[in-house]
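The next block holds one structure in the form of structure tokens; read it before the comments.
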Amino acid sequence: MISAPPWLPARAAMTPGAAALQVGGERLDWQTLAAAVRRRAACWQGQGVGPGRVVAALLPNGRDFVVGMHAAAACQAVWLPLNLRLTAAELAVQLRDAGASCLVHDARGDARVPELLRALPDLQLLRANAPPQPAPGRVLADAPPQAVRALLYTSGTTGRAKGVELTHANFHANALATRRRLGWACGERWLACLPFFHVGGLVVLTRSVLLGGGVVVHERFDAAAVSRTLDEEGITGTSLVPTMLARLLDARDDAPAPPTLRVVLLGGGPVAPELLARALRAGWPVAPSYGLTEATSQVATLPPGASGTRTNVAGRALPGLALRIANADGRPLPAGREGEIQVRGPTVMAGYRNLPRETERALRGGWLHTGDVGVLDHEGWLHVLARRRDLIVTGGENVYPAEVESALRAHPAVREAGVAPGPDAEFGQRVEAWVVLNPDARASPQEIRDFCRTRLAGYKVPRAVHLVSELPRTASGKLLRRALPAGPG
């Protein structure tokens with residue numbers, strides 16, 4: 150493994166002719182990729198990009214994103230991948246907050262760019278495709294390990310998004326911990342279909358250059374296209390969220406995993422036990438994980454295929470990281486007691502951009518206070534119960550949406566389910582559910598509620614069930630509980 154920057158030149162020197170990147174029909178080895186990055190960095194340096202400048206990227210998954218990310222590092226700039234689903238107004242808020250001075254956008258054009266330039270007239274546009282230069286200018290080495298490499302904004306489902314500052318050292322530690330937990334050979338081929346503005350997608354790129362191995366890039370998740378690539382391209386690993394896994398299994402009619410595939414890293418929220426069981430029956434090497442942007446993705450991960458059907462078990466902490474469960478006063482709790490999940494280790498962020506008080510609160514005492522609820526059992530396995538922001542408190546009782554959603558999905562007519570709190574004059578909050586039925590299936594809200602009563606305590610049973618055509622999700626497939634639409638009960 151490469152231990153110190155500059156990462157890309159070192160990788161190109163070690164394995165120059167090995168496969169680095171495949172996008173569509175284009176295949177680049179490490180030497181070719183490094184040359185493209187040198188040209189891009191030289192072009193950008195000529196436009197004033199240097200240490201500490203924030204380069205925002207309004208780019209889809211693809212060659213330009215990968216080359217741009219490495220070029221920004223070569224210029225010692227900070228890479229800010231923007232969520233492609235945001236409006237121009239939402240993007241402008243993040244660009245101002247980040248202090249971004251440069252914007253790279255897709256050469257195919259984006260109607261939001263003129264709006265952004267009107268809102269931020271000093272914003273400088275950079276060329277996504279640098280022309281060949283016979284004599285590239287001087288290109289800086291990667292920045293020092295503790296310098297910020299990337300700035301990622303959290304999804305903002307509970308308010309204004311916060312910019313998470315991740316350093317070169319954070320990404321290096323993530324790669325090392327992943328290799329130790331999942332294993333990683335230099336010939337790995339990873340299919341990247343999570344969006345690169347999501348931390349789970351971005352770390353695929355940094356791991357590949359640090360550990361070796363090529364990345365096959367899909368611009369977006371398409372179950373049929375992913376299935377073909379897994380079968381035809383000798384893919385050894387991929388990262389998915391539960392919704393993607395379910396759609397992939399549907400597309401393959403539960404056919405077995407290709408023999409080359411040795412790990413499906415699963416994150417982005419709780420995994421329904423029935424989905425886990427379904428994947429394992431078909432021989433899919435699923436590795437459920439718990440992570441968050443503030444810890445550079447994974448915090449705890451199960452080895453592939455080791456999960457059985459246990460609900461919301463994310464395994465032990467990754468090597469080099471420490472986990473504990475604490476009460477409201479920040480005091481650690483013994484095994485078996487539920488409380489806040491806290492993390493310590495080299496993957497924990499530098500802090501939140503321009504938010505010193507939020508940073509101090511999140512990192513107080515040397516631990517990252519995740520706000521999520523979990524339990525460590527006597528063997529050190531982490532059981533994730535709920536994201537703190539999703540917890541429902543009804544009449545003094547805690548209800549974890551993931552548990553209710555699991556019960557709802559057990560109904561034969563239910564395809565997807567989301568649970569969130571609704572207001573209640575007597576109990577403060579009440580449990581409400583939004584349900585998508587299977588095609589051609591029929592079930593009334595009352596029938597679904599009655600079914601839940603056979604599986605859940607009374608206070609956990611949804612007081613209202615809304616039948617909807619789809620559930621709101623982020624670009625990475627996470628359920629947006631706070632955006633669940635109202636529907637007929």
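When we follow the working numbering, the leftmost residue of the sequence shown carries the number 150, and every step to the right adds one.
For each residue, glycine too, the CB sits at the ideal point set by N, CA and C.
It should be emphasised that the depicted structure is a prediction, and the values quoted were computed from it without experimental measurement.
What are the partner residues of residue i, as DSSP defines its beta bridges?
| i | result |
| --- | --- |
| LEU531 | GLY464 and LEU525 |
| THR316 | VAL297 |
| VAL366 | VAL172 and ALA341 |
| LEU517 | VAL492 |
| GLU239 | Answer is none; GLU239 lacks a bridge partner. |
| GLN447 | GLY440 |
| PRO209 | PRO209 is not bridged to any residue. |
| TYR501 | VAL313 |
| LEU628 | ARG622 |
| PRO481 | ALA475 |
| ASP589 | The partner list for ASP589 (beta bridge, DSSP) is empty, contrary to what the question assumes. |
| PRO572 | GLN578 |
Give me the Cα-Cα distance between residue i and residue j, rounded to the nearest whole angstrom.
| i | j | result |
| --- | --- | --- |
| PHE576 | ALA592 | 28 Å |
| GLY515 | ARG493 | 7 Å |
| GLU487 | LEU605 | 19 Å |
| GLY432 | ALA449 | 22 Å |
| PRO570 | ALA310 | 21 Å |
| LEU410 | PRO434 | 7 Å |
| ALA511 | GLY520 | 9 Å |
| ASP599 | PRO419 | 24 Å |
| CYS251 | VAL262 | 12 Å |
| VAL242 | VAL497 | 25 Å |
| LEU157 | GLY199 | 18 Å |
| VAL413 | LEU389 | 7 Å |
| VAL172 | GLY567 | 35 Å |
| SER446 | SER438 | 9 Å |
| ARG631 | GLY485 | 29 Å |
| ARG160 | VAL353 | 15 Å |
| LEU343 | HIS527 | 34 Å |
| TYR501 | GLN295 | 15 Å |
| ASP255 | LEU272 | 16 Å |
| ALA183 | ASN278 | 15 Å |
Secondary structure at residue i, three-state DSSP: helix, strand or coil?
| i | result |
| --- | --- |
| SER438 | strand |
| ASP178 | strand |
| LEU415 | strand |
| THR306 | Residue confidence for THR306 is low, a pLDDT of 36 falling below 50, so the modelled location carries little weight; the figure read from the coordinates is stated next. In the structure shown, THR306 sits in coil (DSSP, three-state: anything other than H, G, I, E or B). |
| PRO155 | coil |
| ASP649 | What is shown of the chain runs 150 to 638, which leaves residue 649 out entirely. |
| ASN547 | strand |
| ALA221 | helix |
| LEU620 | coil |
| VAL116 | Since the first and last residues shown for the chain are 150 and 638, residue 116 lies out of range. |
| GLY567 | strand |
| ASP246 | helix |
| GLN273 | strand |
| LEU512 | coil |
| VAL203 | strand |
| VAL186 | helix |
| THR164 | coil |
| GLU487 | coil |
| GLN194 | helix |
| ALA326 | helix |
| THR409 | coil |
First and last residue of the beta strand (DSSP E) that includes residue i?
| i | result |
| --- | --- |
| HIS615 | 613-616 |
| VAL543 | Going by the sequence as given, residue 543 is Thr instead of Val. 541-543 is the span of the beta strand (DSSP E), which, as asked, contains THR543. |
| LEU472 | 471-475 |
| GLU596 | Taken as a continuous stretch (DSSP letters only), GLU596 belongs to no beta strand (DSSP E), being part of the alpha helix (DSSP H) at 594-602. |
| SER388 | 386-389 |
| LEU265 | Unbroken run through LEU265 is the alpha helix (DSSP H), 261-268; no beta strand (DSSP E). |
| VAL610 | Neither: VAL610 is in no beta strand (DSSP E) and is coded neither H nor E. |
| LEU252 | 251-254 |
| GLY577 | 577-586 |
| TRP228 | 227-230 |
Chain D beta carbons: is any one of them nearer than 8 Å to that of residue i?
| i | result |
| --- | --- |
| LEU394 | The question asks about chain D, but that chain is absent: this structure has only one protein chain. |
Which residues mark the beginning and the end of the alpha helix (DSSP H) in which residue i is found?
| i | result |
| --- | --- |
| GLU381 | 372-381 |
| VAL423 | Position check: residue 423 holds Glu in this sequence, whereas Val was assumed. Unbroken alpha helix (DSSP H) run through GLU423: 422-430. |
Across the region 416-436 and the region 392-400, are there enough close Cβ pairs to call them in contact, namely three or more that are closer than 8 Å? yes
Can at least three beta-carbon pairs, one atom from the region 346-366 and one from the region 505-515, be found at a separation below 8 Å? no
Quick check: the region 373-392 against the region 329-346, are there 3 or more CB pairs under 8 Å? yes
Does the contact criterion of 3 or more C-beta pairs under 8 Å hold for the region 220-229 versus the region 187-196? When C-beta atoms of the region 220-229 are compared with those of the region 187-196, three or more pairs fall below 8 Å, so the two segments count as touching.
Between the region 583-597 and the region 549-556, do at least 3 Cβ pairs fall closer than 8 Å? no
Whether or not the region 202-213 and the region 260-279 are in contact is what I'm after, with contact meaning three or more pairs of Cβ atoms, one per stretch, closer than 8 Å; do they touch? yes
Inspect the CB distances between the region 521-541 and the region 612-622 and report whether three or more fall short of 8 Å. no
With three or more beta-carbon pairs closer than 8 Å as the criterion, would you say the region 322-330 touches the region 469-480? yes
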